[in-house]
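S.K.:
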Amino acid sequence: MPINVRIPPPLLPVTGGKSEVEAMSSNIGSLLEELETNYPGMKERLCDDQGELRRFVNVYVNEEDIRFLDGKETKLNEGDEVSIIPAIAGGN
Amino acid sequence: MNFTDEQITRYSRHILLPEVGGKGQKKLAQARVLVVGAGGLGSPAILYLAAAGIGTIGIIDNDVVDLTNLQRQVIHHTEDLGTSKVRSAQNKVKALNPDVTVVPLEKRLDANNAIDIIKDYDIIVDGADNFPTKFLINDACYFTNRPLVHGAILRFEGRVFTILPRQTACYRCIFKAPPPAGVVPSCQEAGVIGVLAGVIGTIQATEVLKLVIGIGTPITNRLLDYDAKTSRFRQVKVAKRPECPLCGEHQEISELTESEQPACALNT
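As they're listed, the protein sequences go chains W and L.
Everything in the first sequence is counted per the working numbering, starting at 650 for the first residue and increasing by one.
Everything in the second sequence is counted per the working numbering, starting at 5 for the first residue and increasing by one.
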């Protein structure tokens with residue numbers, strides 16, 4: 650069973666509108682590469698020029714922030730749910 | 005203060021709740037709540053806070069009602085087109101509950117006025133529609149030590165959480181800085197399903213009532229995300245960040261600044 654990646658509203662144009670995609674990577678770093686391969690343009694939206702996650706993007710594995718796990722080295726297992734959570738501002 | 009018979013009847017369904025009672029209702033009557041933005045989130049928040057008998061509601065907004073607002077900003081009616089949102093909202097509150105005093109603030113919250121405005125209130129509701137204002141409110145609530153109930157909506161997804169400054173994760177602990185202009189779309193550009201404003205704005209009002217009365221557990225150190233398409237509520241844990249530039253161990257932000265970035269623009 651693959652891992653599930655939840656795509657937030659601002660990134661739906663990149664996945665062609667899919668709000669959940671499947672992936673097979675074994676850690677967050679390779680997941681970012683896998684997403685880029687399958688959905689070109691994804692990585693530059695999530696990462697800066699140094700390849701680090703942008704300051705307004707958080708990534709969660711099963712509701713735990715990867716900052717409090719092992720960052721990009723955080724391991725992924727079958728059935729894990731990865732959520733990409735950028736800041737959103739609407740309110741009006 | 006003592007309630008009149010009419011007030012006891014008006015608030016009877018609150019007073020019946022052991023967790024609220026006459027004592028809780030009095031706390032509501034004495035509370036001062038500032039709602040930033042009388043738009044999508046502000047509309048339900050203001051209406052429910054007024055109905056609940058919040059004594060003083062400050063409403064700050066510099067916009068006028070336009071036709072595109074009426075799909076979700078339920079405090080404004082068709083006849084209000086062209087009227088200032090603050091006046092329109094004030095009229096509805098007056099009609100709903102004459103016990104409530106509205107402080108109309110027909111202006112934009114900015115780095116120069118934010119502290120002076122916010123310090124007059126007990127709790128702040130963020131119904132702003134852009135990142136610079138959301139960061140500004142977060143920072144101003146930190147400096148004045150006022151609880152902040154944050155909300156945001158986009159397309160089919162909404163988010164709400166509460167910040168108790170200095171105690172729980174702040175907006176900058178979670179999102180270090182506003183995204184550059186153009187990276188994250190706004191409702192204006194990306195659309196929003198109207199009812200989402202009702203769901204999230206009403207949860208924001210609920211947070212305010214809980215904080216004022218002193219019951220339950222606020223949505224602190226977690227984000228509550230709601231996906232209208234799948235009807236899923238999801239929570240993720242967040243934590244106060246020692247490196248937070250505002251409330252961390254080495255404070256880098258010592259006064260209010262406003263990023264130059266205008267309301268976010270679409271980049272697809």
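Just so you know, even glycine gets a beta-carbon here, dropped at the ideal spot from N, CA and C.
Which of the three DSSP states, helix, strand or coil, is assigned to W:Cys-696?
M.R.: strand
S.K.: Counting only beta-carbon separations shorter than 9 Å, does L:Leu-53 have a partner in chain W?
M.R.: no
S.K.: Bridge partners for L:Val-106 per DSSP, in chain order?
M.R.: L:Ile-61
S.K.: Compare the C-beta of W:Tyr-688 with all C-beta atoms of chain L and state if any pair is closer than 9 Å.
M.R.: no
S.K.: Starting from the Cα of L:Ile-217, find the closest Cα among L:Phe-179, L:Asp-67, L:Lys-27 and give me that residue.
M.R.: L:Lys-27
S.K.: Might you give, ordered along the chain, the residues of its own chain that have their beta carbon closer than 7 Å to the beta carbon of L:Gly-25, omitting 5 neighbours on each side?
M.R.: Taking L:Gly-25 as the centre and dropping the five residues before and after it, the same chain places the C-beta of Ile-19 closer than 7 Å to its C-beta, in chain order.
S.K.: If we ignore side chains and look at the alpha-carbon of each, how far apart do W:Pro-651 and W:Val-708 end up?
M.R.: 18 Å
S.K.: Do L:Leu-21 and L:Ala-118 have their C-beta atoms closer together than 9 Å?
M.R.: no
S.K.: Applying a beta-carbon distance threshold of less than 7 Å, which residues of chain L neighbour W:Glu-685?
M.R.: Simply none; closest approach about 17 Å.
S.K.: Ordered along the chain, which non-local residues of its own chain (more than five positions away) have a Cβ less than 7 Å from that of L:Gly-248?
M.R.: The question names Gly, but residue 248 of chain L in the sequence shown is Cys. Here the set comprises Cys-174, Arg-176, Cys-177.
S.K.: With DSSP as the reference, label L:Tyr-194 as helix, strand or coil.
M.R.: The residue asked about is misnamed: residue 194 of chain L is Ala in this sequence, not Tyr. In this structure, L:Ala-194 counts as helix in the three-state DSSP scheme.
S.K.: Any beta-carbon of chain W closer than 9 Å to the one on L:Ile-157?
M.R.: yes
S.K.: So, is the C-beta of L:Val-153 closer than 9 Å to a C-beta in chain W?
M.R.: no
S.K.: Taking the alpha carbon of W:Asn-726 as the point to measure from, which residue in W:Met-673, W:Ala-736, W:Gly-700 has its own alpha carbon closest?
M.R.: Taking only the C-alpha atoms, the option nearest W:Asn-726 is W:Met-673.
S.K.: Restricting to Cα atoms, I'd like to know which of W:Lys-667, W:Gly-665, W:Gly-678, W:Thr-664 is closest to W:Val-710.
M.R.: W:Gly-678
S.K.: How many angstroms separate the CA atom of L:Leu-152 from the CA atom of L:Pro-169?
M.R.: 8 Å
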